[in-house]
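Residues in the sequence shown are numbered from 1 upward in steps of one, following full-length UniProt numbering. Even glycine gets a Cβ: it sits at the ideal position worked out from N, Cα and C. For clarity, every value in this text was computed on a predicted model and none was experimentally measured.
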Amino acid sequence: MFVIFGAAGNVGRVSAAALRRAGREVRAVVRQAEQGDVLAEIGCEIAIADLLDPASVARAIEGAYAVQILCPVPHADADPATTMRRMIDVSAGALRANPPQRVLALSDYGAEHASGTGITTLFHTLETQLAPVASQLTFLRAAEHMHNWGRVLPIALARGVLPSLHHPLSKLYPTVAAQDVGLLAAELLLDDRPAKVSPRVVSIEGEARVSALDVARTLGALAHRQITAYEVPRGEWAAMLHGAGLGENHARLITDLYDAHNAGRIDVETEISERRFGATALADVFASILARVAATSTATATAR
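Shown next as structure tokens:
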């Protein structure tokens, strides 16, 4: 049994589908029952678990040959770092108590740093907590997800301006499509060759690094309008994030992350990491996001 936490998400859903295509039994772990409907249709067993509830996590991994673990940053939380650390404690505790043969943890570029990287520091905690688990362990470190730009695409489309925390706008940085992460995760879980080292560290990014200028050009070409990248001044970051609905603690995690990004600290740990490259282009991801935006707008207009 292959157990996929976060199976309703952009990465987990792809991993679960790939494992089912390979003929494997999959237990898709979701937080709410309705999230499992589509996964049940492709033959997944559905388990409902709360990463803050040790008993439900322990039940979810019972009988597992392999576990793909995701501890997401809780967005609607007054103190997301503390809550995510509790998720990590619960997940790692369950895996230490009942270790499957294989564990793959979804992690981040820059997770080797113990401090000073905002959100990414939490993935360092995840890796540290999982290290003692008596399983063949893989840390799959992904670059910034391309779909993260989806949060500001409506602003860019409405105003013709794409706000960016990446400084300078011309700086190339690694990014990757979530579906490529999900496919690679499934591939690594299916790799039954004896491990040369545990934990195994694998990094994935897209075939070409991009800049905020590239992002604006790509969006503009798809939207058939001029989109200009805007370097949000450092002193305005917190206010912008608060205006988007983030609390003070969450905003600080993001500002610390982009300070680290802009200092060049969020990258491949070249000395120990295997490197893989996803095939999905930024334009393909944006086209999918824009199609969903258009469909939502049409549905809203029809409902009126």
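Spatial neighbours of residue i in its chain, beta-carbon cut-off 8 Å, leaving aside the 5 residues before and after
i, result
"Y65", "M1, F2, P100, Q101, R102"
"E274", "R200, V201, V202, S203"
Span separating the alpha-carbon of residue i from that of residue j
i, j, result
"L172", "S164", "13 Å"
"M146", "V285", "7 Å"
"A18", "F277", "18 Å"
"R209", "V215", "11 Å"
"M87", "G110", "20 Å"
"F5", "R265", "28 Å"
"L190", "V67", "11 Å"
6 Å Cβ shell around residue i - same chain, five flanking residues per side excluded
i, result
"Q35", "A8"
"E144", "T175"
"L130", "A92, A105"
"G212", "Gly is not the amino acid found at residue 212; the sequence shown has Ala there. Taken in chain order, the residues that qualify are S164, H166, L169, A229."
Residue i vs residue j beta-carbon contact at 8 Å
i, j, result
"G206", "A177", "yes"
"A238", "A251", "yes"
"A156", "I227", "yes"
"V181", "V30", "no"
"A55", "A47", "no"
"L183", "V14", "yes"
Reference residue i, options the options, closest by Cα
i, options, result
"A287", "R20, A60, L189, L153", "L153"
"S135", "E112, L157, A97, I119", "A97"
"R20", "A40, R209, F5", "A40"
"L95", "V57, S115, R151, E231", "V57"
"residue 311", "R86, D77, A244, L137", "The structure shown has nothing for residue 311, since the chain only spans 1 to 304."
"A78", "H242, V293, I42, N262", "H242"
"P72", "G63, D180, L51", "L51"
"residue 310", "P74, A33, G247, C44", "Any question about residue 310 goes unanswered here, given that the chain covers just 1 to 304."
"S198", "P132, N249, A291", "P132"
Residues near residue i in its chain [Cβ-Cβ closer than 7 Å; skip 5 each side]
i, result
"S107", "F123, L126, E127, F139, L140, R141"
"L253", "P80, A81, G118, I119"
Residue i: CB within 7 Å of a non-hydrogen atom of the ligand NAP
i, result
"W149", "Looking for the ligand NAP in the displayed structure turns up nothing, as the structure carries no ligands at all."
When the Cβ atoms of the region 218–229 are set against those of the region 272–286, are three or more pairs found closer than 8 Å?
yes
Looking at C-beta atoms only, is the number of pairs between the region 119–126 and the region 247–266 that lie closer than 8 Å three or more?
yes
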